[in-house]
Every structure is written in C-alpha cells, then in structure tokens.
Amino acid sequence: MYIMKKGIIAILICMYSCAGLYAQAKAKKGPQINPTIADVKYGSHARNVLDFYKAGSDKPTPVVLYIHGGGFRGGSKKTVNQGVLKELLAAGISVVAIEYRFVADKPLPAAHHDSLRALQFIRSKAAKWNIDKKRAGAFGGSAGAQICMWLAFHDEMADPQSSEPLKHESSRLTCVMTNGGQTTMDMDWWKRWVPGYDKPHRDRTEVYGDITDDELTEIVKDISAMSLITADDPPIFMSYGMKPDAPIPSDAKRAQGWKVHHVVFGIKLKEKMDQLGVEANLKYPGAQTKYKSPAGFLIAKLKPDSK
164 MYIMKKGIIA ILICMYSCAG LYAQAKAKKG PQINPTIADV KYGSHARNVL DFYKAGSDKP
224 TPVVLYIHGG GFRGGSKKTV NQGVLKELLA AGISVVAIEY RFVADKPLPA AHHDSLRALQ
284 FIRSKAAKWN IDKKRAGAFG GSAGAQICMW LAFHDEMADP QSSEPLKHES SRLTCVMTNG
344 GQTTMDMDWW KRWVPGYDKP HRDRTEVYGD ITDDELTEIV KDISAMSLIT ADDPPIFMSY
404 GMKPDAPIPS DAKRAQGWKV HHVVFGIKLK EKMDQLGVEA NLKYPGAQTK YKSPAGFLIA
464 KLKPDSK
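First residue of the sequence shown? That's 164 in my numbering, and the numbers climb one at a time after it.
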C-alpha cells in the first residue's frame, strides 16, 4: 500500500518542534536586519503576507524566496536566518520571506499553493522592486524545504489563460537550498528507509482533510520531490544534521525529530538526481561540498559572474 492512513500528524508535530533549522541566528547577539517592506499582502488570507528585503543595486537583482518550517502547523517568516540573509543581501540578491496557511486553516496542499502564489506575486512586482524575475531561488527548512522542492521540481504551473495576470508568471526556479527536508511524504517509504521509524500513528484528516486513499496518493505524489524530479530540474543544496551511520538518539523526543529530518531523505534524492544528471549537493557532518556555505551555493547559481 503506497500510503498509510496513520501517522501524519505525529510527524508534523515533530517537524514543528524542529522548525528552528533556519532560526538559530535569532538567538545570537547582533542587530536584526529589518525588511525594506513588511507584511505585504499577496493573497486574501490573513497569513498571505510577506517581507521584502531589497538588495542595493542599480540593476535588477536576483531574488530568493524564504519559506519557513513548522510542520505546516506553525512557524513564521521572521525565522529567516540572519546570517544567510546578510550574505545574500551583501552579494546583491534580494530576499522575500513569506507566510502561508497552516493545516488548521486549510489542509495540504494549500500551503504549497499559497507559496506558488507568493512566488508569482513577487515576479509580478519585478519592475517596482528592481528584481530580475528570471533569476529566482528558494530556501527553507523541514516543511518549508518540502515546499521549496515542490516549486523547484514541479512542472511549470503558470496559467497563461487565467483572467488574473499574476497567474501568468512562471513557477520555475533557478536553484533551491534546503535544510532537513523530507523528500517524500510516502509513509511506507519512511518505514522502509528511515532508521527506527516503525510506529506511525494518528489520523491523517487534520493534514489532508477528509479524502479518499486514491486522492491522498495523488496529493502525496504531487508534493514529494522524489516523485517530481526530472532531468530538466534545477540544482539543489541539501543540509542535514547527522551522518548516515549515526545512531538513533536515546532521548525519545530528540529521536523523533532526528528521524523526521534524517539524512536518508537527501541521500535517496541525490541518488535519483545523480542518475538523471541533475546537480545535487548533500551536506552533513563530515561531508564536503564544492560550496563554502549554503548561501554560497545560492550566490554561485544566481550570480555566476560574481567573485
């Protein structure tokens, strides 16, 4: 059976508890970078808001979308990592941090659809915000990483026939950077590959709503990077917090978060991308990559001529 009926909520609760993957800089000393424009509305829901951080430049700048984690149940655009933000702005890359509906507002894939709209909204503001909409990337952790990969690997979702001009804008990205991302939401896959993950529980309806097994299968396929990846997709830089052979933590709460963000998600996606000839960079303790930092990857892809 492709999808199990139980276990999704427990996973998302744990993803929320580990949602600080990009928020560590909040705890560090030093001034926070304030957005150029805060709480811009991109849709009708109260959570359809974004913060725009404008890079100084006479020429249109690349733009990077930050999508927060939180298990689709919590989180905030304010968790954008200040170190990454500073690096991107210094390199002449503008940043937009967004919020989206939680599953309590509307089940998945509403969060994904909101993020798509946010990206298209940003592109529609290209002239006003001095953005080069042909050079767009995304980064995020955990649930946010899932949405970033969905945007990166999904087929073009622009609708040129729509009566709403915003929807004419492209959904495609130049590159994507993730931290602790779940590359599939197929629970049978989790049981097979994630160490110690063998007891999913709780009902799925809070996350996906009251839908049939067949409908759930289609949604999971549509939001999972490993179901979407094709040879024409953009490069990725993935980070995880444990080595592939690391033992399961003895503390139960920590172990659950460890499983939810396990490096095997990145290993298996990289294997598939390597077969397709798509660049996939995988960082975990002890692993080396060609880029000095995750932000360095984004800069290299969005501003390849910069030094």
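Idealized CB from N, CA, C, for every residue including glycine.
DSSP on residue i, reduced to helix/strand/coil?
i: VAL427; result: helix
i: VAL243; result: coil
i: LYS222; result: coil
i: ILE200; result: strand
i: LEU336; result: coil
i: MET436; result: helix
i: LEU380; result: The residue you asked about is not Leu; residue 380 is Thr in the sequence shown. Helix, per DSSP.
Would you mind stating whether residue i and residue j have Cβ atoms separated by less than 8 Å?
i: LEU432; j: THR346; result: yes
i: ALA274; j: PHE235; result: yes
i: LEU248; j: ILE196; result: yes
i: VAL357; j: VAL427; result: yes
i: LYS435; j: ILE399; result: no
i: GLY343; j: ALA308; result: yes
i: CYS338; j: GLY300; result: yes
i: MET405; j: PRO448; result: yes
What number of angstroms, rounded off, separates the C-alpha of residue i from the C-alpha of residue j?
i: GLU378; j: LEU314; result: 21 Å
i: ALA330; j: ASP318; result: Sequence check: residue 330 is Lys here, not Ala. The alpha-carbon atoms of LYS330 and ASP318 are separated by roughly 15 Å.
i: ILE411; j: HIS276; result: 35 Å
i: ALA281; j: LEU213; result: 8 Å
i: PRO397; j: LYS204; result: 28 Å
i: MET316; j: ALA415; result: First, the amino acid is wrong: residue 316 is Phe here, not Met. Distance between the alpha carbons of PHE316 and ALA415 is about 34 Å.
i: THR380; j: ILE374; result: 10 Å
i: ALA458; j: SER325; result: 35 Å
i: GLY420; j: PHE215; result: 31 Å
i: ALA464; j: GLU442; result: According to the sequence provided, residue 464 is Lys. The question's Ala does not apply to it. LYS464 and GLU442: Cα-Cα distance of roughly 11 Å.
Can you name, in chain order, every residue of its own chain whose Cβ lies under 6 Å from the Cβ of residue i, other than the five neighbours on each side?
i: LEU445; result: MET401, GLY429 and LYS433
i: SER387; result: THR347 and MET348
i: ALA425; result: Ala is not the amino acid found at residue 425; the sequence shown has His there. Once the five neighbours on either side are set aside, the close Cβ partners of HIS425 are VAL357.
i: TYR454; result: PHE460
For residue i, I'd like the list of residues in its chain whose CB is within less than 7 Å of its CB, leaving aside the five on either flank, ordered along the chain.
i: SER278; result: ILE230, ILE261, TYR263, ILE310 and LEU314
i: LYS269; result: none
i: ALA254; result: ILE462, LYS466 and SER469
i: ARG335; result: GLU319
i: THR224; result: ALA218, GLY255, ILE256, SER257, ASN293, ILE294 and ASP295
Measuring only from the beta carbon, is residue i closer than 7 Å to any heavy atom that is part of the ligand SAM?
i: THR337; result: The ligand content of the structure shown is nil, which means the ligand SAM is not present either.
Output the residue ranges of the alpha helix (DSSP H) runs that lie fully inside the stretch 234-281 and measure 4 residues or longer, sorted by chain position.
-> 245-253
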